[in-house]
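Novice: Protein sequences, first through last, are from chains A and B. Numbered by our numbering, the letters in the first sequence go through residues 8 to 151 in order. Numbered by our numbering, the letters in the second sequence go through residues 11 to 679 in order.
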Amino acid sequence: MSGNQATPVLRILYRSKAHPIRNTALSHRAIEEIVAASRRRNLADRVTGVLLKVEDTFIQVIEGEQGPTEAAFERICCDERHSGLVLVDMTTANHRLFPAWSMAYVASDELPPRLQINVKLKTIAIAIETRPDTALEQMQTLLE
Amino acid sequence: MTALAAVMCAIGSAITVRLWTRTLQATGRMRIDWAFLTSVTAGAAIWATHFIAMLGYDPPAAATFDPQLTIISILIAILGTGIGFYLSAMRRKGMAWLLGGSTIGLSIAAMHYVGMFAYRVDGIVTWNDGYIALSLAGSIGLSLVATKFVLASLDEGRDRRATRLLSIGFLIAAIVTLHFTGMTAFHVSPIAGFSAGADSEAFGAMALAIATAALIIVFTGLSSHLIDNDTRAAQQRELEHIANHDELTGLWNRRRFSAGLAEAFETREAGIDPLFLVMIDLDRFKSVNDTLGHGFGDRVLEMVANRLRKIVGRERRIARIGGDEFAILVTDATEEDVADLCRCLVEVMSRAVVVDGHVIEMGTSIGAAQAFRDGASRDELVQNADIALYAAKAEGRCCFRFYVSEMSQNVQLRRTLETDLRRALGRGELAVQYQPQVDAKTGAYTGAEALLRWYHPEKGLIPPTDFIPLAEEIGLINAIGTWVLRQACLEATNWPRHMGVAVNLSPVQIMDRRLLRSIKTILSETGLDPKRLELEITETALLGNDEQALATLSAISDFGVAIALDDFGTGYSSLSYLHRFPIDRIKIDRSFLQSIPEDSDSATIVQAITRLGANLGMKVTAEGIETEVQQRFASNAGCDTLQGYFFSRPVTSAQLMSVLETTLRAGAA
Ligand SMILES: Cc1cc2nc3c(=O)[nH]c(=O)nc-3n(C[C@H](O)[C@H](O)[C@H](O)COP(=O)(O)O)c2cc1C
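Encoded structure:
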């Protein structure tokens, strides 16, 4: 799936807490399901992106054609398995940042602990609050 | 054979009339389709009737059928009656009847006579013109009557079945009459030497053709019946759906919701099975409609409805009961579950809605009440859920509240206050008082701020903070504000010419496009010099509606009226307002002066504000001065004007004037 140069790409960046609204815990199993469902939908809609889980915070980028990307974001908004969702940034760009990923998933609490990745994730989580552009660049290097 | 022909004719006519009424009820393309179906049946019926009868006719000479003319005759019957049926459905009733009926009558005749040409006899054929004319007249006349009845059968209030039966009868009569009168006009004399009797092979083929025609009739009749039933059932379902659902969102509409609530009340045993009513109201949706248009607003509503469905889940008793109001009936749940649901809804609704590259940030307030506990009747339940919703809104929106009985008392209090306030203006319970302002250096009176007072006949003096927000909410603020402005301008004309009057403007008034005009009118009617009037606004009035506020205030300022920024230092002071808006004066919020001398921070702020004012060329007023220390501090800090209890409480215009007189006399002495 390569970034189509001709059509502009809508990119949405948001963060949320990995706590379902109605109950408190989000199991590993549930996260796996979310990622699998996301990949399936995104592949069909030519949506790409990254999902990070830094401690109990989700950081996600979705990008693609405007319609499908807005629809994917709406599905995310309808999902009560996370809470405190904050839209951080929305831009249009000429190409995708993550053309190869229907939904890359990187989590900080994976075992065995990978110190370097955890530090990088932490940096991204901090950067996202004030410098979304920098955070996006850091996400790209994280996946390289 | 004649009996068979009659049966054929009767069945065909009955089906024809049935299809014919469909043609009359249909519109557009459908009407053509139905007319076609009707004419195939009618044509086949007329044709079959004719030829069955002909099979039974025993000619005195050898007879056979011409195949081409036979086929042409059925085509004439189908085409001719088709045109007739179509015409009979014309909008103009009189023309429809006349043209439709006679075309049908003529077609029956044309079929018959072409059919007779197809009937080849080896004899001398003679025609009786009189009978031909009679047959034509009979066919047309009876067809017209049949048409009349068919048209009448669609009218309201008629016995449809009977009228339709009459129509069938006359159609049969038209066909039969034509045939037998036509046959009377037909006469064959055998030629000697030729054999008499029919050509059995041709007659066999004919019988087959007739059987086919009969099948066609029965088939169309049957299929139309099935189509009818199908479409009627589908229409019924569709109508029911339309009647019960909101067109835009597909949720229940108000009507269905009321019925659903009634059902729920009936099926629940009082106090055993819990039933909750959840009322949902979108916050800030109106501005979406206002700024991005209704079409866009509709799409947002669809998405909102979708979120509701997703969160509420299988239990689909969700209704849209107003523009941006929704309601949910929840059964088989605990209060805990309902609270969870509400929390979930509040959260999900607060998430951004992204449509067409726009980001819409809304919120939702929710009120919930439990049947039998918070209301024994349906109306009570609805009312209490509403009250809870109202409480949620009052509590700053984006939250949910369960009904508790104290809410009712608050609402009751508010309602009475609301009615009282509506009457206050007319009953002269409102009054304006003036708090004088003095020159910081000389101590001379420079003007006064007009302050609104409400003397409630039972509750006594009600502070403005208790009723101004209410007046803003119920749309009374413009009337009250205008009254205050007029009163202040009128009374200020009695004061010495150097004294100005300051009047507060509510943010709601600034949004009102009529504001400038009403200020001009009041000034010209009272004769107050615009330079003596100052309007006080708060920073919140400038937030959000920047452009319009800027335009209105600039126009007011151009007219010579001064603008003062009230309560400065407390709000989201954005210095950019000071640059962009035509502000002549800053009024430092009373809280800063009142914490002097104890609070050194406040002192610093006061000094900073006066410097800022000086730099921007604005006058600075210090409010809330109560002590001599505060007075001295404010003067030294560089404030231009001072106001507060240290100088005077708010007084009536008359009191103010008498004070002025004594000071003037004292000054003169
Ligand atoms: C953290 C998180 C990330 C998600 N990411 C996506 C995504 O990238 N694409 C998507 O279509 N849905 C995403 N979803 C939504 C759902 O996992 C899932 O796709 C959706 O519920 C499927 O909807 P459906 O059942 O209507 O197909 C996400 C949900 C969560 C909680």
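Don't be surprised by glycine CBs; every beta carbon is placed ideally from N, CA and C.
1) Below 8 Å on C-beta distance, what does Cys354 of chain B contact in chain A?
2) At 9 Å on the CB atoms, spell out the chain A contacts of Gly367 of chain B, in chain order.
3) Go to Pro200 of chain B, then tell me how far its beta strand (DSSP E) extends in each direction, as first and last residue.
4) DSSP on Val50 of chain B, reduced to helix/strand/coil?
5) Under 7 Å, Cβ to Cβ, is there at least one residue of chain A near Glu346 of chain B?
6) At which residues does the alpha helix (DSSP H) containing Asp577 of chain B begin and terminate?
7) Beta-carbon separation of Ser375 of chain B and Ile397 of chain B under 7 Å?
8) Is any heavy atom in ligand 1 found nearer than 6 Å to the beta carbon of Ser115 of chain A?
9) Do His35 of chain A and ligand 1 come close, with the Cβ less than 6 Å from some heavy atom?
10) Taking the C-alpha atoms as reference points, what is the distance between Asp576 of chain B and Ala624 of chain B?
11) Looking only at C-alpha atoms, which of B:Gly92, B:Pro200, B:Met105, B:Gly90 sits nearest to Thr136 of chain B?
12) By the 10 Å Cβ neighbour count, where 16 or more other Cβ atoms means buried, how is Glu671 of chain B classified, buried or exposed?
13) Would you check whether ligand 3 has a heavy atom nearer than 6 Å to the C-beta of Asn49 of chain A?
14) DSSP on Pro77 of chain B, reduced to helix/strand/coil?
15) List, in order along the chain, the chain B residues whose C-beta lies closer than 9 Å to that of Leu94 of chain A?
16) Using a Cβ-Cβ cutoff of less than 6 Å, which residues in the same chain neighbour Asp449 of chain B once the five nearest sequence positions on both sides are dropped?
17) Measure the C-alpha to C-alpha separation of Ala269 of chain B and Ile124 of chain A and round it to an integer number of angstroms.
18) Between Asp544 of chain B and Ala572 of chain B, how many whole angstroms is the CB-CB distance? I'm expecting something under 8 Å.
19) Check whether the segment 378 to 387 of chain B and the segment 358 to 370 of chain B are in contact - that is, three or more C-beta pairs closer than 8 Å.
20) Would Ser90 of chain A pass as an interface residue toward chain B - the criterion being a Cβ-Cβ separation below 7 Å?
21) Determine the extent of the alpha helix (DSSP H) in which Asn138 of chain B is found, giving its start and end residues.
22) Got a sec: is the Cβ-Cβ distance from Phe65 of chain A to anything in chain B below 7 Å?
23) Could you run through the segment 318 to 341 of chain B and flag, in chain order, every residue whose CB is less than 8 Å away from some CB of chain A?
24) Can Asp599 of chain B be considered in contact with ligand 1, in the sense that its beta carbon sits closer than 6 Å to one or more heavy atoms?
25) The alpha helix (DSSP H) spanning Phe477 of chain B covers which residue range?
26) Ligand 1 and Met110 of chain A: does the residue's C-beta get closer than 6 Å to at least one heavy atom of that ligand?
27) From what residue to what residue does the alpha helix (DSSP H) around Pro446 of chain B run?
28) Look up Val61 of chain A in the DSSP assignment and give the residues it is bridged to.
29) Of all Cβ atoms in chain B, is any one closer than 7 Å to the Cβ of Phe80 of chain A?
30) Please go through the segment 623 to 668 of chain B and give each complete beta strand (DSSP E) segment of 3 or more residues, from N-terminal end onward.
31) Taking Glu459 of chain B as part of the beta strand (DSSP E), name the residues at either end of that continuous run.
32) Starting from Arg358 of chain B, find everything on chain A with Cβ-Cβ shorter than 8 Å and list it in chain order.
33) Taking all protein chains shown into account, decide if Ser23 of chain B is buried (16 or more other Cβ within 10 angstroms of its Cβ) or exposed.
34) Helix, strand or coil: how does DSSP classify Asn254 of chain B here?
35) Would the C-beta of Ala132 of chain A count as close to ligand 1, meaning under 6 Å from any of its heavy atoms?
36) Closer than 7 Å by beta-carbon distance: list the chain E residues that pair up with Asp350 of chain B, in chain order.
Specialist: Quick answer:
1) Ile28, Arg29, Glu87
2) Leu17, Gln73, Glu77, Met97, Thr99
3) Unbroken beta strand (DSSP E) run through Pro200 of chain B: 196 to 200.
4) Val50 of chain B carries a helical assignment under DSSP once its states are collapsed to helix, strand and coil.
5) no
6) No alpha helix (DSSP H) holds Asp577 of chain B; the beta strand (DSSP E) holding it covers 572 to 578.
7) no
8) no
9) no
10) 17 Å
11) Selected option, being the one with the closest Cα: B:Pro200.
12) exposed
13) Only ligand 1 can be found as ligands here, which leaves ligand 3 out of the picture.
14) helix
15) Per Cβ cutoff of 9 Å: Arg361, Ala362, Val364, Val369, Glu371.
16) Thr456
17) The alpha-carbon atoms of Ala269 of chain B and Ile124 of chain A are separated by roughly 58 Å.
18) In the sequence as displayed, the identity of residue 544 of chain B is Glu instead of Asp. Indeed, because the Cβ distance is near 4 Å, the residues count as touching under 8 Å.
19) By the Cβ rule, the segment 378 to 387 of chain B does not count as touching the segment 358 to 370 of chain B, because fewer than three pairs are nearer than 8 Å.
20) yes
21) Element bounds for Asn138 of chain B: n/a, residue is neither H nor E.
22) no
23) Lys320, Ile321
24) No, the Cβ of Asp599 of chain B stays beyond 6 Å of every heavy atom of ligand 1.
25) 474 to 483
26) yes
27) From DSSP, Pro446 of chain B is part of no alpha helix (DSSP H) but of the beta strand (DSSP E) over 440 to 449.
28) A:Thr64
29) yes
30) 629 to 632, 651 to 653
31) 455 to 466
32) According to the sequence as given, residue 358 of chain B is Val; it is not Arg. By Cβ distance, chain A contributes Ile28, Cys84, Cys85, Glu87.
33) Its Cβ being crowded by 16 or more others within 10 Å, Ser23 of chain B is buried.
34) helix
35) no
36) The structure shown contains no chain E; the protein chains it does contain are A and B.
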